[in-house]
Structures are given as C-alpha cells and as structure tokens.
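J.:
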Amino acid sequence: MSTRKHYPQRPRRFEISRRGTLSYGSHRFPCLVQEVSEQGLFLICNYDLEIGLELDVEFELERGADFSGRILVRHCYDGCVGAELIAADARSRRNWKHFLESHYSGQPVPEERRISA
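If you read the sequence shown in this note's numbering, its first letter stands for residue 157, the second for the next number, and so on.
(1) Would you give the residue range spanned by the alpha helix (DSSP H) that leucine 256 belongs to?
(2) When we look at the beta-carbon of asparagine 251 and count the other beta-carbons within 10 Å, is it buried (16 or more) or exposed?
(3) Using CA coordinates, which residue listed in Gly235, Ile242, Glu210, Leu197 is at the minimum distance from leucine 217?
(4) Between which two residues does the beta strand (DSSP E) containing serine 224 stretch?
(5) If you count every other CB in all the chains shown that lies within 10 Å of the CB of phenylalanine 185, and 16 or more means buried, which is it?
(6) State the start and end residues of the unbroken beta strand (DSSP E) segment that holds leucine 188.
(7) Distance check for glutamine 195 and glycine 225, CA to CA, integer angstroms please.
(8) Look up arginine 174 in the DSSP assignment and give the residues it is bridged to.
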C-alpha cells in the first residue's frame with residue numbers, strides 16, 4: 157500500500173499580468189489578472205469581495221483578443237481573489253482557448269508538490 161497522498165486534480169495555472177475591469181451592478185473597478193487556467197483566474201483588486209459573489213470581468217488576453225465573462229468568487233484574502241469562470245460569450249471563449257493553446261500547449265505538467273501536515 158502506498159503512503160503517498162492523492163490530491164484532487166486541479167487545472168494547471170499560467171502566469172500573466174493584464175489590467176482589467178470588474179463590474180458589479182453599476183459599480184466598476186480596476187483589477188490585475190495574475191493567473192489563468194482552463195476553469196478560472198486569479199486576480200488582485202483593491203476590494204475585499206465576498207465568497208460566492210458573481211462579477212463581470214473584462215481584460216485583454218493579448219493584442220486584439222479581448223475577454224469578457226462572468227466569474228464566481230471562490231476565495232478572497234487581502235485583495236487576492238480566486239475565481240471560477242461561469243459564463244462567457246462564444247468569442248471570448250474562443251479567445252481564451254486559443255490563448256491557452258498558443259502560449260502553453262506542449263509544456264510539461266510539473267508534479268504538484270504539497271506540504272504534508
């Protein structure tokens with residue numbers, strides 16, 4: 157029997173740095189997108205957002221490839237937000253998929269390291 161712990165798989169995350177905008181109702185505020193994955197993103201903003209809050213997000217993945225979608229806040233601490241992508245129009249989804257494939261396809265997936273308690 158193996159003593160190695162098995163953790164749930166999570167999507168691979170890729171570092172980027174893009175200025176964006178978050179919207180909640182009529183309120184708009186800036187953010188900085190730091191990481192993207194197939195299912196979500198990590199961003200920084202000047203507000204502590206509530207877990208479970210749904211927001212609109214807009215940013216440019218690369219020149220000419222905009223992304224506009226809806227996110228669900230999964231965790232937030234001191235302005236650092238982890239969010240799940242829950243909706244996007246067809247063009248934004250194509251841009252997202254193309255961005256990940258063109259920049260990160262073929263890269264080896266490093267073994268995940270976690271510290272055991």
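Think of the CB as a built atom: it goes at the ideal place given N, C-alpha and C, for glycine as much as any other residue. From a predicted model like this one, the values you see are computed outputs, not experimental measurements.
T.: Reading off the structure:
(1) That run of the alpha helix (DSSP H) goes 246-260.
(2) Asparagine 251 should be labelled buried.
(3) Out of Gly235, Ile242, Glu210, Leu197, Leu197 has the C-alpha closest to the C-alpha of leucine 217.
(4) First-last of the beta strand (DSSP E) with serine 224: 221-233.
(5) Exposed, by the Cβ-count rule.
(6) Bounds of the beta strand (DSSP E) holding leucine 188 are 183-192.
(7) Glycine 225 and glutamine 195 have their C-alpha atoms roughly 12 Å apart.
(8) Answer by DSSP bridge pairing, in chain order: Val189.
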